[in-house]
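Worksheet: one structure, shown below.
Chains as they are written, first to last, in this note's numbering: chain A, 1 to 272; chain B, 1001 to 1272; chain C, 2001 to 2272; chain D, 3001 to 3272.
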């Protein structure tokens, strides 16, 4: 299984398909595994690169210290160098979208197109305090407490309610995922986001950008994506209707359509 | 301080002003104290009756057993009898709105007008699991954990962010409110809501009803109020813009205006 | 029937009830008659003053020349002087709201509270061209053409559809209202709005203000009211759900509740 | 220039690119010309077929009689036979979407995927009366009157306002497009939609379907698309934010992305 060293830390990555590179950046609770369902459709005509951030999935844990997003941005840069990529399309979800935006500011020339889903440009006090709630729940080291505090708000109320059988199954699966190690890593990942604020720097991003939100996103509400859209010149913007924060799971077809469709655009159109 | 006995339990209540009676039913975390700001404007020309449900404020705790909403409905009925009220206007917020709706179904003839703010007619699996997250947080008996898990979602993201100084002060105040006794009572109150579902019975309500929601209510989303409105014949419906679940605190003037205005209506108007 | 002279022009007005004065300013197609349904509930405890602007209802027509809103602002001022009013609550709908805002800027001290429903602070090019469409339709002097071009967009699609019998009756009634004189006056009233733009001056308004919009207002969309709300310090803001431009007709109870409720507020509340 | 005979009427069509066939159905005011901007991006890897309905563009006018949508559905079927197509992807906008839905019900087996943008399943009394306003304006045979009555409502208020220079240019261009012949054809096209109502038959559609709306569509409001989505099993649904009825012009990149992306999906995904 491919792996890169970042200092003495292992970074796990996976590559699917051939063609123009598309790098996918995980949300905070995700790992390479989370993309399985999507790989056949996403990697048909491109080279899709998945990887786990530090403290995620099969990459190394950082048990001994605090860090910020900055570190994960550098991990991404190291991976791009390691794979000898000159220019990639980069797509990030939530936490991954935040890393993507920061990478786009710092390493502009490596980006072809940029896609951010359910992302914010700023950890507001509101979001920070929600994160502290998650931390408090994680510190009980009771997987069910962490599940109930975090998961319901990641889905829209009706998706969760209409698919409650599936959610109950998921609750059981996550019961064994939410180990002490996982929860300790989660705490560090949450803390790494606390000082995040790039509102003033969005205007520096020149990549052709697609910003996608969901109207019932209760973690990074749609107006956060509208803010990003309003501050990245020429960016495109779609809000998925009747959908929560986990848009890739609630609306997988709309999710894939937007990615494949936006990547198919050869140049921006405008009638005016 | 006035007090009624319900069996061997004390029910604390307070009366302000003179005129047609208006009974206010607390949300789950509230008590009579929560209404202080509003009393001068609400009680100008009516008799406003506040009371604490069992397990709230200065009413008795029910340390030894579980119960359902049914019990609180009976407490309200007992209070109305105790005060020798023939007909009252009844207003409930969230938990209090749920009690108000059930009272309206069971004791229709005691109600003049009915007002429900930020209320649902059904504890969905989604809402039940959010409640379980609150319970998990409460069981840490750490006030800060309970605060972070519950409070941010009660406000809209921007109110919380724009008034963060005030929220920080509130965090300190609530630090001493969220005692072990309070949190144990909170757990029982949450559990009392778990089986709640009156969707099929809303059509029985004949009172002239005002239903109010907030567009950024992340606990009882506005479409829950739209559901109530669609199923209570002739009910009126307003959604407060840019506002979270705690509409009375975020938009106190719109809140009072809607109450006083709706109560001033002598009969329903229609042009068609 | 009471009447005031403004120069050589007659201004028709009507007074209902006793108490604090509340002056109601008509929308462009309205006249004193339009308020009939509401008078019993509105004038219970206040003195309500209705009047027709120049080129409306029973006031004089201005057949010979063009004019701007400025003229109607002065008519309002003259009426206030004529009635010897020191301070009034002023409520305007659409065209009337525009006059109310301009009056509030110019004659601040005469205003107690200000209420504007379905109003804009600027005739955008979009709105101007819609107005030109109305003018084009008016110039056919065919009442049915004017009806079909203007009326459907004044209601929300579902109100119009659900109450189509009533709309059909109204179509017949308006067939005899939309005379050549009426349509010529309408053209002048539309033209009087074309240069309207007070966006930069909203910040001068100090009156306690309520701004109300409707989410399906297709003439002055709700974001125009949000703009007004964002620029009048301390103003209150409500958007009526599932409602079109003619909110007073579609949601008469919510309409009256908001007016009576807001006027009942003795002072602005805030928890922060 | 390719042309098919339908009885004694000419049907103008155009073909671009090679690959799986995608047939585009015009909105009521459109013609093959309207798609020019999009052809390079749409026809890269597919065979795109444009055509003008009867009474549109370069196809024959039907000066002598009234007809319904049924006729246009048969024109589409004839074209598919003429081109010897076994199965096509079909995309319709507004009027074209209505024809597409009816074709999908009647000739299911010829459809691979179905895409409808800014479409309704029913000409409501509201929409019918708006159509009558357009007819009244068309009968003045004054291009400017028809422009002002129809065009502003086809765009969102801010697009129209922000791009007013472009709109003014367009007004001049359309001044020479809106000839007497064009307006007479427009009247017949509007009348052909008056009795349209397939609400009860949407459930018969089995094609994999994408439904797209715009949140500021003032002609076929987004809830009409939600209705279609709710009644076509397994359909996908996106609402483009801050966008009016003419979504292809206001948001061309989102428009193309959704088409190309949805067509790239090999099969529907679901996590539940």
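Beta carbons are placed, not taken as given, at the ideal position from N, Cα and C, and that holds for glycine.
Does the Cβ of residue 3168 of chain D have 16 or more other Cβ atoms within 10 Å, making it buried, or fewer, making it exposed? Within the fourth chain, numbered from 1, the residue matching residue 3168 of chain D stands at position 168. Flag for residue 3168 of chain D reads exposed.
For residue 1051 of chain B, three-class secondary structure by DSSP: Here residue 1051 of chain B corresponds to residue number 51 of the second chain, with the count starting at 1. Reduced to three states, the DSSP call for residue 1051 of chain B is strand.
For the beta strand (DSSP E) containing residue 3016 of chain D, list its first residue and its last residue. Working through the fourth chain from its first residue, we reach residue 3016 of chain D at position 16. Run containing residue 3016 of chain D: 3009-3016, per the beta strand (DSSP E) assignment.
Have a look at residue 3038 of chain D and residue 3251 of chain D and give me their C-alpha separation to the nearest angstrom. For the purposes of this step, residue 3038 of chain D is taken as residue 38 along the fourth chain, with counting starting at 1. For the purposes of this step, residue 3251 of chain D is taken as residue 251 along the fourth chain, with counting starting at 1. Looking at the two C-alpha atoms, the distance is approximately 12 Å.
Is any beta-carbon of chain D found at less than 7 Å from that of residue 262 of chain A? Translated into positions along the first chain, residue 262 of chain A becomes position 262. With 7 Å as the cut-off, residue 262 of chain A counts as an interface residue toward chain D.
So, are the CB atoms of residue 1161 of chain B and residue 126 of chain A less than 7 Å apart? What you label residue 1161 of chain B is simply residue 161 of the second chain in a count that begins at 1. What you label residue 126 of chain A is simply residue 126 of the first chain in a count that begins at 1. Yes, these two residues count as a Cβ contact at 7 Å.
Rank B:1227, B:1073, B:1242, B:1270 by C-alpha distance to the C-alpha of residue 1023 of chain B and give the top, closest one. Indexing the second chain from 1 puts residue 1023 of chain B at position 23. Minimum Cα distance to residue 1023 of chain B is reached at B:1073.
Nonlocal neighbours in the same chain, by C-beta distance under 8 Å from residue 2197 of chain C, ignoring five residues either side: Stepping through the third chain from its first residue, residue 2197 of chain C is reached at position 197. Cβ neighbours of residue 2197 of chain C beyond the five flanking positions: 2121, 2122, 2123.
Looking at the structure shown, is residue 253 of chain A part of a helix, part of a strand, or coil, going by DSSP? The sequence position of residue 253 of chain A within the first chain is 253, counting from 1. The answer is helix: DSSP assigns residue 253 of chain A an H, G or I state.
Which residues, in chain order, does the stretch 1054-1081 of chain B contribute to contact with chain A at a C-beta distance below 7 Å? For the stretch 1054-1081 of chain B, no residue has a beta-carbon sitting nearer than 7 Å to a beta-carbon of chain A.
Name the chain B residues that come within less than 7 Å of residue 98 of chain A, Cβ to Cβ? For the purposes of this step, residue 98 of chain A is taken as the residue at position 98 of the first chain. Neighbours of residue 98 of chain A on chain B: none; closest Cβ ~16 Å, over 7 Å.
Using a Cβ-Cβ cutoff of less than 6 Å, which residues in the same chain neighbour residue 3058 of chain D once the five nearest sequence positions on both sides are dropped? If you number the fourth chain from 1, residue 3058 of chain D lands on position 58. Annotation for residue 3058 of chain D: 3012, 3052 place their beta carbon closer than 6 Å to its own, counting only its chain and skipping 5 residues before and after.
Would you mind telling me which residues of chain D sit closer than 9 Å to residue 147 of chain A, beta carbon to beta carbon, in chain order? Your numbering for residue 147 of chain A matches position 147 in the first chain. Going along chain D, no residue has its Cβ under 9 Å from residue 147 of chain A, so there is no contact; the nearest lies around 17 Å.
When burial is assigned at 16 or more other CB atoms within 10 Å of the CB, is residue 2109 of chain C buried or exposed? Taking the first residue of the third chain as 1, we reach residue 2109 of chain C at position 109. The residue in question, residue 2109 of chain C, is exposed, as its Cβ has fewer than 16 Cβ neighbours within 10 Å.
Could you tell me which chain C residues have their CB closer than 9 Å to the CB of residue 1254 of chain B, listed as they occur along the chain? Counted from its first residue, the second chain places residue 1254 of chain B at position 254. Taking the beta carbon of residue 1254 of chain B as reference, the chain C residues within 9 Å of it are 2210, 2236, 2237, 2238, 2258, 2261, 2262, listed in sequence order.
Beta carbon of residue 1138 of chain B, beta carbon of residue 1061 of chain B: below 7 Å? Along the second chain, read from residue 1 onward, the residue named residue 1138 of chain B stands at position 138. Along the second chain, read from residue 1 onward, the residue named residue 1061 of chain B stands at position 61. Not a contact, by the Cβ cut-off of 7 Å.
Roughly how many angstroms lie between the CA atoms of residue 2229 of chain C and residue 1254 of chain B, to the nearest whole one? Reading the third chain from its first residue, position 229 is the one you call residue 2229 of chain C. Reading the second chain from its first residue, position 254 is the one you call residue 1254 of chain B. Between the alpha carbons of residue 2229 of chain C and residue 1254 of chain B lies a distance of about 13 Å.
contact_flag[the stretch 136-154 of chain A, the stretch 256-269 of chain A] where n(CB pairs < 8 Å) is 3 or more: Not touching, per the Cβ criterion.
Within chain C, partners of residue 3195 of chain D - CB distance below 7 Å: Position 195 of the fourth chain, counted from the start, is the residue given in the question as residue 3195 of chain D. In chain order: nothing, as chain C lies at least about 15 Å away.
Return the first residue and the last residue of the beta strand (DSSP E) that residue 3178 of chain D is part of. Locating residue 3178 of chain D in the fourth chain gives position 178, counting from the first residue. Segment: none, residue 3178 of chain D is in no beta strand (DSSP E) and carries neither H nor E.
Residue from C:2119, C:2083, C:2015, C:2155 with nearest C-alpha to residue 2237 of chain C: Locating residue 2237 of chain C in the third chain gives position 237, counting from the first residue. Of the listed residues, the one whose Cα sits closest to residue 2237 of chain C is C:2119.
Using DSSP with H/G/I as helix, E/B as strand and the rest coil, what is residue 1088 of chain B? By 1-based counting over the second chain, the position of residue 1088 of chain B is 88. In the structure shown, residue 1088 of chain B falls within a strand segment according to DSSP collapsed to helix, strand and coil.
At a Cβ cut of 7 Å, what residues of the stretch 159-186 of chain A count as close to chain D, listed as they run along the chain? Look at the stretch 159-186 of chain A: the residues with a C-beta under 7 Å from a C-beta of chain D are 163, 166.
Suppose you measure from the CA of residue 1208 of chain B to the CA of residue 1265 of chain B; what does that come to, to the nearest Å? The residue labelled residue 1208 of chain B in the question sits at position 208 within the second chain. The residue labelled residue 1265 of chain B in the question sits at position 265 within the second chain. CA-CA distance, residue 1208 of chain B to residue 1265 of chain B, rounds to 10 Å.
Cβ neighbour criterion (16 or more within 10 Å) applied to residue 181 of chain A: Along the first chain, one-based indexing puts residue 181 of chain A at 181. Exposed.
From the DSSP output, which residues share a beta bridge with residue 1006 of chain B? Here residue 1006 of chain B corresponds to residue number 6 of the second chain, with the count starting at 1. Residue 1006 of chain B is bridged by DSSP to B:1009.
CB contact below 7 Å: residue 1218 of chain B versus chain A: Numbered from its first residue, the second chain carries residue 1218 of chain B at position 218. Cβ-Cβ to chain A under 7 Å: yes for residue 1218 of chain B.
Start-end ranges of the beta strand (DSSP E) lying completely within the stretch 146-229 of chain A, minimum 3 residues: As far as the stretch 146-229 of chain A is concerned, its whole beta strand (DSSP E) runs of at least 3 residues are 208-214.
Would you say residue 113 of chain A reaches chain D, if we count a Cβ-Cβ gap shorter than 7 Å as a contact? On the first chain, position 113 is the one that residue 113 of chain A refers to. Residue 113 of chain A does not count as touching chain D.
Determine, for residue 2046 of chain C, whether the minimum Cβ-Cβ distance to residues of chain B falls below 7 Å. Here residue 2046 of chain C corresponds to residue number 46 of the third chain, with the count starting at 1. At least 7 Å separates the CB of residue 2046 of chain C from every CB of chain B.
Would you list, in sequence order, the uninterrupted alpha helix (DSSP H) runs of no fewer than 4 residues that lie entirely inside the stretch 60-130 of chain A? List check, alpha helix (DSSP H) in window: 69-82, 95-106.
Secondary structure of residue 2262 of chain C, DSSP reduced to three states: Along the third chain, read from residue 1 onward, the residue named residue 2262 of chain C stands at position 262. In the three-state DSSP reduction, residue 2262 of chain C falls in the helix class (H, G or I).
Suppose the cutoff is 6 Å on Cβ atoms and the five residues either side in sequence are ignored; what does the same chain contact list for residue 1248 of chain B look like? If you number the second chain from 1, residue 1248 of chain B lands on position 248. Closer than 6 Å at Cβ, skipping near neighbours: 1255.
Within 7 Å (strictly less), CB to CB, does residue 3126 of chain D reach chain C? One-based indexing of the fourth chain puts residue 3126 of chain D at position 126. Yes, contact with chain C.
When the Cα atoms are used, what is the spatial distance from residue 174 of chain A to residue 163 of chain A? On the first chain, position 174 is the one that residue 174 of chain A refers to. On the first chain, position 163 is the one that residue 163 of chain A refers to. Those two C-alpha atoms are separated by around 16 Å.
Nearest CA to the CA of residue 3070 of chain D: which residue from D:3195, D:3045, D:3113, D:3047? Counting from one through the fourth chain, the residue named residue 3070 of chain D turns up at place 70. Distances from the alpha-carbon of residue 3070 of chain D to those of D:3195, D:3045, D:3113, D:3047 put D:3195 closest.
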